[in-house]
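Residues 1 to 388 (our numbering) are what the sequence shown spells out, left to right. Ideal Cβ positions, reconstructed from N, Cα and C, are used throughout, including at glycine. Reviewing the structure listed below.
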Amino acid sequence: MIGEFTKDERLKVAIVGGGPGGLYAGYLLKRAFPAWNVAIHEQNPENVTWGFGVVFSDAALDFLKADDPDTHDAIVPSMQTWRDMTLDILGDKVVLDGIGFAAVGRLELIQMLTDRARSVGVNPRFGQPLEDISDLEATADLVIGADGLNSKVRDSGSFGTVLTTLSNKFVWYGTERPFDTLTQSFRESPWGRFNAHHYRYQSGMSTFIVETDAKTWDAAGFADMEEPVYRRVCEEIFSDVLDGGRLVDNNSHWRNFPKLWNETWHDGRKVLIGDALHTAHFSIGSGTRLAMEDAIALTKALVDADGDIADALPAYQDARKPIVSKIVNAANRSADWYEGFGERMDLGAWEFADSYIRRAGRIDDDRLRALSPKFMNGLDTHRHRGAS
Numbered sequence: 001m002i003g004e005f006t007k008d009e010r011l012k013v014a015i016v017g018g019g020p021g022g023l024y025a026g027y028l029l030k031r032a033f034p035a036w037n038v039a040i041h042e043q044n045p046e047n048v049t050w051g052f053g054v055v056f057s058d059a060a061l062d063f064l065k066a067d068d069p070d071t072h073d074a075i076v077p078s079m080q081t082w083r084d085m086t087l088d089i090l091g092d093k094v095v096l097d098g099i100g101f102a103a104v105g106r107l108e109l110i111q112m113l114t115d116r117a118r119s120v121g122v123n124p125r126f127g128q129p130l131e132d133i134s135d136l137e138a139t140a141d142l143v144i145g146a147d148g149l150n151s152k153v154r155d156s157g158s159f160g161t162v163l164t165t166l167s168n169k170f171v172w173y174g175t176e177r178p179f180d181t182l183t184q185s186f187r188e189s190p191w192g193r194f195n196a197h198h199y200r201y202q203s204g205m206s207t208f209i210v211e212t213d214a215k216t217w218d219a220a221g222f223a224d225m226e227e228p229v230y231r232r233v234c235e236e237i238f239s240d241v242l243d244g245g246r247l248v249d250n251n252s253h254w255r256n257f258p259k260l261w262n263e264t265w266h267d268g269r270k271v272l273i274g275d276a277l278h279t280a281h282f283s284i285g286s287g288t289r290l291a292m293e294d295a296i297a298l299t300k301a302l303v304d305a306d307g308d309i310a311d312a313l314p315a316y317q318d319a320r321k322p323i324v325s326k327i328v329n330a331a332n333r334s335a336d337w338y339e340g341f342g343e344r345m346d347l348g349a350w351e352f353a354d355s356y357i358r359r360a361g362r363i364d365d366d367r368l369r370a371l372s373p374k375f376m377n378g379l380d381t382h383r384h385r386g387a388s
């Protein structure tokens with residue numbers, strides 16, 4: 001657990017980005033170093049954000065409970081929780097038991113983290129877009145880039161950035177139908193095959209991400225459609241899943257997922273966290289978790305270094321980079337699986353589910369029997385029938 005650091009040295013920290021990672025970093029740093037001047041600069045107005053829900057696995061919440069039980073206990077009561085995951089392949093459903101998740105609205109999470117930052121004397125400066133960060137660089141002892149994929153902090157330095165994009169297209173919606181579990185629904189259309197990732201994050205609201213391959217996206221003519229039109233097409237494709245419900249937009253545009261990695265995590269007095277530093281495909285739901293864990297690791301490094309920034313930043317990279325690399329590599333393998341999900345839909349439901357659960361390359365039969373015993377019993381029965 002990160003405790004308070006008592007060295008009375010009034011360093012100035014500028015955090016660019018007021019998403020979960022930036023807000024949490026501000027809270028942790030001010031709590032650990034009360035004498036420091038910590039400022040958070042966020043371009044969006046307060047109570048404005050893009051997206052809908054944020055999902056965490058049970059394992060992902062364990063880090064927060066171990067390192068910051070107060071914040072864990074503040075967030076968890078607002079979360080929707082469930083124990084199983086469902087794969088719906090053309091109407092055939094397979095349940096993956098024992099895979100617990102929790103979700104919360106992105107705006108609600110940001111509001112809670114904003115309150116926590118204010119509770120230690122950090123007042124985020126909302127509605128302050130920065131054209132460049134030269135003024136911050138000139139006056140701050142430490143600049144933290146928590147400003148996402150299009151990071152101005154990253155663009156101002158040398159971090160060994162590698163950025164590529166996946167070929168599949170996806171669009172992020174919400175819906176007022178609350179689903180029982182995190183579900184993957186795979187459907188046919190006149191143009192090709194689609195997938196929807198959906199889960200509830202409030203009692204009456206769910207995230208609903210629609211994905212398809214580039215060929216199907218072109219065939220459907222989405223490039224020539226305005227948002228309300230392609231939203232209606234998505235509603236038609238997933239009409240049985242939505243059960244007559246509608247999709248809700250919030251900056252909902254078709255995108256290609258960006259794969260971002262930086263070999264170097266710090267440059268001089270600048271350091272990166274979260275999506276400014278690395279991305280992890282949404283199919284493993286780790287983006288927010290990684291950003292918050294980065295904030296914890298950076299704060300620990302600064303505490304261990306007695307507030308010495310020159311010593312702390314390399315230590316942060318050395319300790320955190322191998323951990324993140326494993327998660328990002330697993331996310332990339334998961335993303336590769338989704339790039340070919342349409343072809344895999346030709347498999348039977350059990351074979352498809354077996355392929356899905358092993359997509360990140362980190363699980364075998366023995367681990368599956370411990371993690372999802374009901375699923376493995378069903379898979380064993382299916383295998384036996386196929387062999388007889």
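Here the alpha carbons of PHE33 and GLY157 stand approximately 26 Å from one another. In the three-state scheme derived from DSSP, where H, G and I count as helix and E and B as strand, VAL153 is classed as helix.
Taking a contact as a CB-CB distance under 8 Å, the pair PHE101 and SER57 counts as one, their CB atoms being some 6 Å apart. Fewer than three beta-carbon pairs drawn from the region 111-124 and the region 206-221 are found closer than 8 Å, and the two stretches are therefore not classed as touching.
Taking 8 Å as the cut-off, the beta carbon of GLU42 is found closer than this to the beta carbon of GLN128.
Cβ neighbours of ASP267 within its own chain (closer than 8 Å, five residues either side excluded): GLY157, SER158 and PHE159. Here the alpha carbons of GLY145 and ALA335 stand approximately 25 Å from one another.
When the beta-carbon positions are compared, ALA59 and ARG116 stay at least 8 Å from each other.
In the structure shown, ASN251 falls within a coil segment according to DSSP collapsed to helix, strand and coil. Judged by DSSP in its simplified three-state form, ARG289 adopts helix. Beta-carbon to beta-carbon, LYS169 and VAL16 are separated by about 29 Å, too far to satisfy the 8 Å threshold.
A check of alpha carbon separations from VAL303 across ALA291, TYR316, MET292 and GLU293 identifies TYR316 as the nearest.
Taking 8 Å as the upper bound for CB-CB distance, VAL241 and ALA196 are in contact here, some 6 Å apart. At the C-beta level, LEU260 and LEU163 come within 8 Å of one another. Cβ contact annotation for GLU293 (same chain, cutoff 7 Å, sequence separation greater than five): PHE63, in chain order. The Cβ neighbour count for ASP147, taken over all protein chains shown within 10 Å, is at least 16; the residue is labelled buried. Spatial neighbours of THR86 in its own chain (CB-CB distance under 8 Å, excluding positions within 5 residues in sequence) are listed in chain order as LYS93, VAL94, VAL95, LEU96, ASP180, THR181, LEU182, THR183 and GLN184.
Your pair PHE208 and LEU247 checks out as a contact, with CB atoms roughly 6 Å apart and the cut at 8 Å. Per DSSP, reduced to three states, the secondary structure at SER167 is strand. The beta carbons of VAL38 and GLY285 sit no closer together than 8 Å.
Spanning the alpha carbons of GLY386 and MET345 requires a straight line of approximately 19 Å. Restricting attention to THR49, THR81, THR114 and SER119, the CA atom closest to the CA of ARG31 is found in SER119. Within the model, the alpha-carbon separation for TRP350 versus ARG10 is close to 60 Å. In this structure, SER252 sits away from GLU211, with a CB-CB distance that is not shorter than 8 Å.
Within the DSSP secondary-structure output, ASN44 pairs in no beta bridge. For GLY51 against ASN250, the beta-carbon gap comes to about 7 Å, under 8 Å, which counts as contact. With fewer than 16 neighbouring CB atoms inside 10 Å of its own CB, ASN377 falls in the exposed class. Within the region 277-344, the complete alpha helix (DSSP H) segments of 4 residues or longer fall at 287-304, 309-339 and 341-344, listed in chain order. If you compare the alpha carbons of LEU298, LEU368, GLY361 and ARG362 with that of TYR24, the shortest gap goes to LEU298.
Taking a contact as a CB-CB distance under 8 Å, the pair LEU313 and ASP354 does not count as one, their CB atoms being some 43 Å apart.
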